[in-house]
Amino acid sequence: MTTVRIPAGWPATEEQARAVQDRLRAQVVLDEPGPPPGTGHVTGVDVAYDDERDVVAAAAVVLDAATLEVVAQATAVGRISFPYVPGLLAFREIPTVLAALDALPCPPGLVVCDGYGLAHPRRFGLAGHLGVLTGLPTIGVAKNPFTFTYADPATPRGSTSPLLADTEEVGRALRTRDAVKPVFVSVGHRVTLDNACAHTLVLTPKYRLPETTRRADALCRKALREAAAPRKPLADRAAADPTRSWGRTLFERQSDPVTWAGRVLRAAALGQRRTPEIEAALEFAGDRDRWSHGREVFELVRRGWADEEQFTPEQRIVFRLAELVGKVAHNEAGPPPFFDHHAGWQIGPLAWRLAAAADPAVRDRIAVALGERPPEPLDG
DNA sequence: GCGACAG
DNA sequence: ATCTTGTCGC
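In the working numbering, each number is its position in the first sequence, counted from 1, plus 3.
Here it is in structure tokens:
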């Protein structure tokens, strides 16, 4: 497995990313038929994320197009290079996908992407982007219609209907299993739409999604599991950390957990350098109307301390508290899926770790914000 | 102006 | 994409 760095000059803003798309899309080749279905190699690529740990894992799995047996596979891990923005997915996935493709011991043949090619607001989705950067023939097979419209294809497998941006056919809804929701096929690079659909049908003898996608999905999840630091079971951590049960009961006694978390954060941040992320979290905790956006606050704070090395241990604790404010608020008022409900339990122990190392005035202030002190002096 | 919106 | 419990089906 290879490790990826974010490429130099990689777009940092949405505006830059859109400019890159506008520049590169002229290089897409649409007038080649592409490899005949059922011959040579077909390669699936997919990506899995752990946003909390800022880890991304990609996989490329090469299948024999005739037998659908795995011929070769490779993975790569790296840091997340771009947030998820509809229309800019490629900037989040491509660096790691390229590394996985590079690590393959054989030519990939046709590359099947999890997403779109031509069917894209600027006609340059993930599959087209990957095709232009590698020169390989690519297609996109997506699970959802994005912003496009389509009529439901007829019931039997193999039926299609045009995927429309207004009246322009940008792809096709293709039924790969009888009476099951279609997939959405579009051209990436150097393949026609007819051929892309034919490939997709060859790749779906048993399931709705292409074997390439299924294999790559399973492999990148596994790579992600192995890349993320293995964690001890919950019970072990509870035994090793007596502050945990105190943190739990303290949190569960709060009738207004978000406001409480905000007070704790304010006390903890006192006297420390305030970053914009901390300011935002503090302001947020005081505004009940915004709690449903807790997840965004979490993500903002998480991005804010991406360069962990530049912060002191105390500042890192403040950042973690700010993240927890976002998590707790999201669990309290946001839509599912929720963060794990243990999140709030960490607030007390974390804040007290800071208090224990601080001077008596700060310690008192944190104790007041928490509402109590731990039953016995905690070290760490 | 606001929401929806591939993964 | 990710979080999640049970439930349905081959």
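Where is the CB? At the ideal position from N, CA and C, for every residue including glycine.
These figures come from a predicted structure and were not determined experimentally.
Beta carbon of residue i nearer than 7 Å to that of residue j
i: P36; j: A75; result: no
i: V65; j: T46; result: yes
i: L92; j: A122; result: no
i: T163; j: T207; result: no
i: A68; j: D49; result: no
i: A288; j: V261; result: yes
i: T170; j: A102; result: no
i: V7; j: G118; result: no
i: G134; j: H202; result: no
i: T195; j: V115; result: no
i: I281; j: A325; result: yes
i: G297; j: A332; result: yes
i: W348; j: R256; result: no
i: A77; j: A106; result: yes
i: G138; j: G131; result: no
i: P10; j: P110; result: no
i: A336; j: S295; result: yes
i: V186; j: A264; result: no
i: P156; j: A176; result: yes
i: I369; j: A358; result: yes
i: F94; j: A20; result: yes
i: W38; j: L136; result: The identity of residue 38 in the sequence shown is Pro, whereas the question assumes Trp. Against a cut-off of 7 Å, the Cβ pair of L136 and P38 comes out as no contact.
Collapsed DSSP secondary structure at residue i in the structure displayed
i: E18; result: helix
i: H202; result: helix
i: G47; result: strand
i: E171; result: strand
i: F151; result: coil
i: F1; result: In the structure as shown, the chain starts at 4 and stops at 383, and residue 1 therefore has no counterpart that could be examined.
i: S295; result: helix
i: V144; result: strand
i: D53; result: strand
i: P98; result: helix
i: L212; result: coil
i: H192; result: strand
i: A93; result: helix
i: L121; result: coil
i: L177; result: strand
i: T252; result: helix
i: A238; result: Because A238 carries a pLDDT of 49, less than 50, the predicted location of this residue cannot be relied on, and no value is offered for it.
i: L166; result: strand
i: G41; result: coil
Extent of the continuous alpha helix (DSSP H) to which residue i belongs
i: Q318; result: 316-336
i: G265; result: 260-272
i: E286; result: 279-288
i: L133; result: 129-137
i: D34; result: Per DSSP, D34 belongs to no alpha helix (DSSP H) and is neither H nor E.
i: A358; result: 350-360
i: D367; result: 363-373
heavy atom of the ligand MG below 6 Å from residue i C-beta
i: N198; result: Among the components modelled here there is no ligand, and therefore nothing to report on the ligand MG.
Beta strand (DSSP E) segment containing residue i, residue limits
i: C116; result: 113-116
i: I9; result: Where I9 is concerned, there is no enclosing beta strand (DSSP E), given that its DSSP letter is neither H nor E.
i: G81; result: 73-82
i: D67; result: 58-67
Taking 8 Å as the cut-off, does the region 269-287 touch the region 361-371 (at least 3 CB pairs, one atom from each stretch)? yes
Touch test, the region 52-61 against the region 126-142, Cβ-Cβ under 8 Å, three pairs minimum: Contact fails: fewer than three Cβ-Cβ distances are below 8 Å.
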